[in-house]
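Let me begin by presenting the structure, written as structure tokens, before commenting on it.
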């Protein structure tokens, strides 16, 4: 399926939801692309998972901001690959650095840069520990097994809408920062 067809499907999926995230955050390794940066060289030609670019195009067209949160130990290679894939202009924030915090520091920096509350963010990652930690911050988080794809995108948007509605209804009852992490349910 080409980028334009994926984009069209992603736009249809976005149209199903009344509430959309203000910011979608992606991990890099095994979420946007099918490899670890540290196992590659800057001279390599990177590729994305087949639905990733179309999904990002749809988000861009809808005016939904995007960011990167990656714990890659080789941020220099990751940034070269982002440039080679011509994705630089897609992201309002790129937090790519090695960390033991399971991405809490990444999200704190993204939140400071964008001013977007955690409950208005949707996050895709391939590691349980990152999903669990970031979910505790109030971010709707989705575990992907084979990269971000249209099914995971739809699941993420559905879970985001559910979480957002619950947090709006129960703002006084539910302490901020509680959110559910979702694994593949399809």
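Residue numbers (our numbering): 50 to 235. The C-beta atom is built at its ideal place from N, Cα and C for all residues, glycine as well.
Reference residue i, options the options, closest by Cα
i           : options              : result
residue 97  : 130, 67, 122 and 73  : 130
residue 78  : 149, 87 and 116      : 87
residue 150 : 211, 182, 67 and 112 : 182
residue 128 : 163, 61 and 85       : 85
residue 125 : 143, 205 and 112     : 143
residue 106 : 122, 136, 82 and 152 : 136
residue 68  : 176, 178 and 171     : 171
residue 102 : 122, 80, 123 and 92  : 80
Beta-carbon contacts of residue i that lie in its chain and below 8 Å, excluding the five residues immediately before and after
i           : result
residue 133 : 94 and 95
residue 223 : Confidence is the limiting factor: at residue 223 the pLDDT is only 41, short of 50, which leaves the residue's position unreliable, though a coordinate-based value still follows. Same-chain partners within the cutoff: 215 and 216.
residue 226 : Low confidence applies here, because residue 226 scores a pLDDT of 41, under 50, leaving its location unreliable and the question unanswered by this model.
Neighbourhood of residue i by C-beta distance below 6 Å, restricted to the same chain and skipping five residues each side
i           : result
residue 216 : 168
residue 199 : 58 and 100
residue 110 : none
residue 180 : 174, 190, 192 and 230
residue 154 : 148
residue 114 : 72 and 141
DSSP bridge partner residues for residue i (one or two, in chain order)
i           : result
residue 189 : 171
residue 117 : 75 and 143
C-beta contact flag for residue i and residue j at 8 Å
i           : j           : result
residue 90  : residue 120 : no
residue 104 : residue 213 : no
residue 197 : residue 66  : no
residue 63  : residue 204 : no
residue 145 : residue 165 : no
Within-8 Å CB hit, residue i to chain D
i           : result
residue 196 : Checking the listed chains, one finds no chain D in this structure; it contains a single protein chain.
Cβ-heavy atom distance, residue i to the ligand FMN, below 7 Å
i          : result
residue 56 : You won't find the ligand FMN in this model; it holds no ligand whatsoever.
Query raised in the report: When the Cβ atoms of the stretch 189-196 are set against those of the stretch 153-165, are three or more pairs found closer than 8 Å?
Result: no
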